[in-house]
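Read through the structure below, which is laid out as C-alpha cells, and then see the notes.
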Amino acid sequence: MATKSEQLKSVLQRLSTVGGIKASAVISANGLPMVSLMPEDVDPNTFAAMLASMVGSAETAIKSLGAKNTLERVVAESKDIRVVAVQAGVDAILTIMIDPNTNYGLILLESKKASDEIAGIMKQ
Amino acid sequence: MVEYKGLDGIQENDVDPYFGIAKLDEQLKGIPSKKLVLISASPSVGNEVFGYQIIHKNITSGVKVLILLNRTSPQSYLTEMKEYDFPANDNMCIIDAYSGITGIKSDETDHIKVISNPYDKEEVKTKVLKELDNGYGLLVVDSLSLLADFFDFSFAISFMNDIKKAVIGKDSAAVLLFTDWGYEKENVDKLLSNVNSTIEVKGIEKRVIFGQYFAVLNCDWVGEKQAFSSVLFKAIKPGGIKVYFPKILVTGPTDAGKSSFIHSASRNAVSVDKLGGTIALDHGSVDFQGYRADLFGTPGQERFDPLLKMLGGEAIGVFLVVDSTKPEQFPRAVEMLRKTETYGLPVVVIANKADLKGALKKEEIREKLHLDSAIALVQTVAEDLSKVDPNQPTKLKENGITEALSSLFKQLT
Chain C
2 MATKSEQLKS VLQRLSTVGG IKASAVISAN GLPMVSLMPE DVDPNTFAAM LASMVGSAET
62 AIKSLGAKNT LERVVAESKD IRVVAVQAGV DAILTIMIDP NTNYGLILLE SKKASDEIAG
122 IMKQ
Chain W
3 MVEYKGLDGI QENDVDPYFG IAKLDEQLKG IPSKKLVLIS ASPSVGNEVF GYQIIHKNIT
63 SGVKVLILLN RTSPQSYLTE MKEYDFPAND NMCIIDAYSG ITGIKSDETD HIKVISNPYD
123 KEEVKTKVLK ELDNGYGLLV VDSLSLLADF FDFSFAISFM NDIKKAVIGK DSAAVLLFTD
183 WGYEKENVDK LLSNVNSTIE VKGIEKRVIF GQYFAVLNCD WVGEKQAFSS VLFKAIKPGG
243 IKVYFPKILV TGPTDAGKSS FIHSASRNAV SVDKLGGTIA LDHGSVDFQG YRADLFGTPG
303 QERFDPLLKM LGGEAIGVFL VVDSTKPEQF PRAVEMLRKT ETYGLPVVVI ANKADLKGAL
363 KKEEIREKLH LDSAIALVQT VAEDLSKVDP NQPTKLKENG ITEALSSLFK QLT
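Shown next as C-alpha cells:
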C-alpha cells in the first residue's frame with residue numbers, strides 16, 4: 002500500500018491540475034511541513050511555520066468572538082497571490098497558493114474535497 | 003559546510019577514512035581499515051548522498067577513493083556531487099561500469115577507468131580488484147543492489163567476499179550502497195552477515211513527522227555494545243546530509259532576547275514583528291557542525307498565551323531564554339515552559355544580557371529558577387552593546403550561541 006506521504010502527494014498532484022492553483026502543501030497544525038508541491042525557491046519550513054501561526058491566530062480570534070463552529074479557512078490576499086489555508090482534520094492544514102484572477106469558487110470546492118481526503122489519510 | 007568536526011572534535015586529516023556525517027563519526031569513530039560498511043536503504047529513500055558525502059570527506063582529507071559506478075554515468079555523478087557542493091579532486095577515481103550499457107562511448111582518463119563490456123562479470127571483478135592495488139584508502143560501490151539485479155544475487159555476494167579479501171589484504175576499507183528492492187530475506191541476511199557494519203536508511207511517518215532517518219544496525223569495531231539510536235536527517239543541496247531536528251522551541255519572557263538568539267543562530271530567520279516585539283512567531287533554520295534544526299520562537303507577552311500550545315506542539319527540545327538582570331520574570335519563564343507543554347523535554351537555559359549591570363551570576367540564576375544541576379545554563383551577551391536597537395533583534399556573541407547549540411544537540415542525539 003502507498004505510504005501516507007505518497008497518498009498526500011497524490012492529492013496535491015490532483016489539485017495542481019485545477020486551473021489557477023500554483024502551489025500547494027500539507028502542513029501540520031503546529032507548523033511542520035509534511036508534503037509540498039512548491040517552487041524550489043520557497044523554503045517550505047518557514048512557509049509552514051508562518052501559515053500554521055496564521056491559522057492558529059485566526060482560530061483564537063474567531064473563538065474569542067464567539068464562533069460556535071471550528072475555523073474552516075483563512076485567506077490572505079495580495080494583488081498577485083492569494084493563499085488559502087483549509088483545516089484538514091485536527092492535525093493537518095491544506096494550503097494552496099492561487100492566482101487571484103481565476104475561478105475562485107471552483108478552487109474552494111476542490112480544496113474542500115481535498116482537505117476531507119487529507120483528514121481521512123491522516124486518521125489511518 | 004565542507005569541513006566537519008564532530009561535537010567531540012574529531013580530528014581532520016586523519017589517515018583512516020571517515021564518514022563525514024555528523025553522528026555516524028561520533029558513534030563509530032570513522033571507518034577503520036580492513037572494514038566493510040553496507041548502507042542499506044529502503045526503496046523510497048535515496049542513499050546516494052551518503053556516498054557523495056563519504057567520498058567528498060575522504061578525498062578532501064587526503065584519502066584516495068575508488069568508486070565502482072554502475073548506477074549512472076561518471077559525468078552525471080560528478081554533476082550531482084557538485085550540486086551538493088562536493089567538488090571532485092585528484093584523489094578520486096571512478097570505474098565506469100555504466101556507459102558500456104547505454105552504448106555511449108566513454109573516454110578513459112587518469113580518473114575515469116572504463117569497463118569495456120559491463121555484461122562481463124569477470125571484467126568488472128578483475129578491473130576493480132586490480133585497480134585496488136594502486137593504494138586506495140577507500141572503495142565505494144554505487145550500487146551493490148544494481149550489480150545483483152544486473153547479474154544475480156549470488157554474484158553480488160561472491161563479489162563482496164572478493165572485495166572483503168582485497169580490502170583486508172591492502173589495508174583499505176569499503177562502503178557499499180545497497181537498496182533493498184524486496185530481495186529474498188535469506189540472500190539479504192547473507193550480505194548483512196558478511197559486512198562489519200550495516201547502516202539502515204529509511205523513511206519515517208510518525209504522526210505529523212514525515213522524514214528520513216538513518217540508524218546503525220550493527221558495527222563490530224565499536225567496543226562497548228551501546229544501543230545506537232536512529233537519527234532524523236535531511237539531504238540538503240548544497241551541504242549534503244544533516245542530522246535534522248524538525249522543531250526546537252525558543253521561549254521565555256518578554257524582551258529576554260528570544261528573537262535575538264534565533265537571528266544570531268540561524269542563517270535565514272524570519273520574524274513576525276511589530277515595533278520590536280514578536281507578535282506571532284520567529285522561525286529560523288540553524289546549520290551547525292553537520293546538524294540542521296528549525297527553531298520556533300514564541301512571543302513573550304502574556305496576551306499571546308493562547309498561541310503557545312500550538313507553537314510548542316511536536317517540539318523535541320527547548321531553549322529557555324531569560325534576562326539575567328530581571329529575576330522577577332523567572333516565574334513567568336517557568337510558566338511558559340508549562341504553557342507550551344514542553345516541561346520535561348531536553349532544555350538549555352540561556353541567561354542573556356549576562357554582561358549588563360545588575361546581571362545575576364550563574365549560581366544565583368540556577369537557584370532562582372530552581373534548576374536541577376543536570377540542566378545546562380549558558381550565558382550570552384550582545385556582540386556590541388552600542389549597537390543594540392530595541393526595535394531590532396540584537397546580534398549575540400558567537401561563543402555563547404555555539405555553546406548553547408552544542409549543549410542542546412548533544413542532549414537530543
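As given, the protein sequences belong to chains C and W, one line each in that order.
Here our numbering = 1-based position in the first sequence + 1.
Here our numbering = 1-based position in the second sequence + 2.
From the three backbone atoms N, C-alpha and C, an ideal C-beta is built for every residue, glycine too.
Identified DSSP bridge partners for residue 220 of chain W: As a first step, residue 220 of chain W is located in the second sequence; it is residue number 218 there, counting from the start. Bridge partners of residue 220 of chain W: W:200.
Helix, strand or coil for residue 14 of chain C per DSSP? Taking the first sequence and counting its residues from 1, one reaches residue 14 of chain C at position 13. Reduced to three states, the DSSP call for residue 14 of chain C is helix.
Among W:387, W:322 and W:394, nearest to residue 377 of chain W - alpha-carbon criterion: For the purposes of this step, residue 377 of chain W is taken as the residue at position 375 of the second sequence. Taking only the C-alpha atoms, the option nearest residue 377 of chain W is W:322.
Chain C partners of residue 298 of chain W, CB-CB under 8 Å? Residue numbering aside, residue 298 of chain W sits at position 296 when the second sequence is read from its first letter. Those are 32 and 50, listed as they occur along chain C.
Given this structure, state the Cα-to-Cα distance separating residue 411 of chain W from residue 396 of chain W, to the nearest angstrom. Residue mapping note: residue 411 of chain W aligns to position 409 of the second sequence, counting from 1. Residue mapping note: residue 396 of chain W aligns to position 394 of the second sequence, counting from 1. Going by the C-alpha atoms only, they are around 23 Å apart.
Return yes when the Cβ of residue 302 of chain W is within less than 9 Å of the Cβ of residue 254 of chain W, no when it is not. Walking along the second sequence from the start, residue 254 of chain W turns up at place 252. Walking along the second sequence from the start, residue 302 of chain W turns up at place 300. A contact, by the Cβ cut-off of 9 Å.
Excluding sequence positions up to five away, which residues of its chain have a Cβ less than 6 Å from the Cβ of residue 82 of chain W? Your numbering for residue 82 of chain W matches position 80 in the second sequence. Close CB contacts of residue 82 of chain W within its chain, under the 6 Å cut and outside five residues either way in sequence, are absent.
Proximity below 9 Å, CB of residue 199 of chain W to CB of residue 40 of chain W: Your numbering for residue 199 of chain W matches position 197 in the second sequence. Your numbering for residue 40 of chain W matches position 38 in the second sequence. Yes, the Cβ-Cβ distance between residue 199 of chain W and residue 40 of chain W is below 9 Å.
Does any residue of chain C have a CB that is nearer than 9 Å to the CB of residue 270 of chain W? Taking the first residue of the second sequence as 1, we reach residue 270 of chain W at position 268. Yes, because at least one Cβ of chain C sits closer than 9 Å to the Cβ of residue 270 of chain W.
Where residue 47 of chain W and residue 56 of chain W are concerned, what is the direct C-alpha to C-alpha distance, given to the nearest angstrom? Along the second sequence, read from residue 1 onward, the residue named residue 47 of chain W stands at position 45. Along the second sequence, read from residue 1 onward, the residue named residue 56 of chain W stands at position 54. Cα to Cα, the separation comes out at about 17 Å.
Express the C-alpha separation of residue 389 of chain W and residue 39 of chain C in angstroms, rounding to a whole number. Residue mapping note: residue 39 of chain C aligns to position 38 of the first sequence, counting from 1. Residue mapping note: residue 389 of chain W aligns to position 387 of the second sequence, counting from 1. One C-alpha to the other measures close to 38 Å.
Using the C-alpha atoms, what's the distance from residue 197 of chain W back to residue 165 of chain W? Here residue 165 of chain W corresponds to residue number 163 of the second sequence, with the count starting at 1. Here residue 197 of chain W corresponds to residue number 195 of the second sequence, with the count starting at 1. Rounded to the nearest angstrom, the two C-alpha atoms are 11 Å apart.
Do residue 225 of chain W and residue 382 of chain W have their C-beta atoms within less than 9 Å of each other? As a first step, residue 225 of chain W is located in the second sequence; it is residue number 223 there, counting from the start. As a first step, residue 382 of chain W is located in the second sequence; it is residue number 380 there, counting from the start. It is not a contact, given that the beta carbons lie outside the stated cut-off.
Can you tell me whether residue 34 of chain C is buried or exposed? The criterion is at least 16 other CB atoms within 10 Å of its CB, across all chains shown. The sequence position of residue 34 of chain C within the first sequence is 33, counting from 1. With 16 or more Cβ atoms within 10 Å of its Cβ, residue 34 of chain C is classed as buried.
Any Cβ of chain C within less than 9 Å of the Cβ of residue 264 of chain W? In the second sequence, the residue the question calls residue 264 of chain W occupies position 262. Taking 9 Å as the CB threshold, residue 264 of chain W stays off the interface with chain C.
Measuring only the C-alpha atoms, how far is residue 83 of chain C from residue 108 of chain C? What you label residue 83 of chain C is simply residue 82 of the first sequence in a count that begins at 1. What you label residue 108 of chain C is simply residue 107 of the first sequence in a count that begins at 1. Computed Cα separation, rounded: 12 Å.
Nearest-angstrom Cα distance between residue 69 of chain C and residue 63 of chain C? Residue numbering aside, residue 69 of chain C sits at position 68 when the first sequence is read from its first letter. Residue numbering aside, residue 63 of chain C sits at position 62 when the first sequence is read from its first letter. Rounded to the nearest angstrom, the two C-alpha atoms are 9 Å apart.
Would a check of beta-carbon distances place residue 89 of chain C closer than 9 Å to chain W? The residue you call residue 89 of chain C lines up with position 88 of the first sequence. It does not; no Cβ of chain W falls within 9 Å.
Tell me which residues of the segment 65 to 94 of chain C have at least one Cβ-Cβ distance to chain W shorter than 9 Å, keeping chain order. 65, 92 and 93
Going by Cα to Cα distance, which pick from W:176, W:295, W:101 and W:125 is closest to residue 320 of chain W? The count along the second sequence starts at 1 and reaches residue 320 of chain W at position 318. The candidate whose alpha carbon is nearest that of residue 320 of chain W is W:295.
Let me check understanding here. Comparing Cα to Cα, which of W:18, W:27 and W:414 lies closest to residue 218 of chain W? Counting from one through the second sequence, the residue named residue 218 of chain W turns up at place 216. Nearest C-alpha to residue 218 of chain W: W:27.
Flag this pair as yes or no: are the beta carbons of residue 86 of chain C and residue 123 of chain C separated by less than 9 Å? Position 85 of the first sequence, counted from the start, is the residue given in the question as residue 86 of chain C. Position 122 of the first sequence, counted from the start, is the residue given in the question as residue 123 of chain C. Cβ atoms of residue 86 of chain C and residue 123 of chain C: not closer than 9 Å.
If we cut at 9 Å on Cβ distances, does residue 207 of chain W have a partner in chain C? To locate residue 207 of chain W, count along the second sequence from 1; it is residue 205. With 9 Å as the cut-off, residue 207 of chain W counts as an interface residue toward chain C.
Contact the segment 204 to 219 of chain W vs the segment 115 to 122 of chain C: 3+ CB pairs below 8 Å: no
Would you check if there are 3 or more beta carbon pairs closer than 8 Å linking the segment 11 to 21 of chain C to the segment 101 to 116 of chain C? Under the three-pair Cβ rule at 8 Å, the segment 11 to 21 of chain C counts as touching the segment 101 to 116 of chain C.
Using the C-alpha atoms, what's the distance from residue 152 of chain W back to residue 29 of chain W? By 1-based counting over the second sequence, the position of residue 29 of chain W is 27. By 1-based counting over the second sequence, the position of residue 152 of chain W is 150. Computed Cα separation, rounded: 34 Å.
If distances are taken between C-alpha atoms only, which option among W:238, W:375, W:310 and W:287 comes closest to residue 85 of chain W? Working through the second sequence from its first residue, we reach residue 85 of chain W at position 83. If we check each option's Cα against that of residue 85 of chain W, W:238 comes out closest.
Strictly under 9 Å for the Cβ-Cβ distance: is residue 61 of chain C near chain W by that measure? To locate residue 61 of chain C, count along the first sequence from 1; it is residue 60. Yes - at least one Cβ of chain W is within 9 Å of the one on residue 61 of chain C.
Among W:391, W:392, W:266 and W:72, nearest to residue 102 of chain W - alpha-carbon criterion: Residue 102 of chain W sits at position 100 when you count from the first residue of the second sequence. Among W:391, W:392, W:266 and W:72, the Cα nearest to that of residue 102 of chain W is on W:72.
Does the distance from the CB of residue 25 of chain C to the CB of residue 95 of chain C come in under 9 Å? On the first sequence, residue 25 of chain C is found 24 positions in, with the first residue counted as 1. On the first sequence, residue 95 of chain C is found 94 positions in, with the first residue counted as 1. Yes, they are a contact pair.
Hey, out of W:350, W:317 and W:123, whose CA is closest to residue 246 of chain W's CA? To locate residue 246 of chain W, count along the second sequence from 1; it is residue 244. Of the candidates W:350, W:317 and W:123, the one whose C-alpha sits nearest the C-alpha of residue 246 of chain W is W:317.
Using a Cβ-Cβ distance under 9 Å, would residue 15 of chain W count as near chain C? Residue 15 of chain W sits at position 13 when you count from the first residue of the second sequence. Low confidence applies here, because residue 15 of chain W scores a pLDDT of 41, under 50, leaving its location unreliable and the question unanswered by this model.
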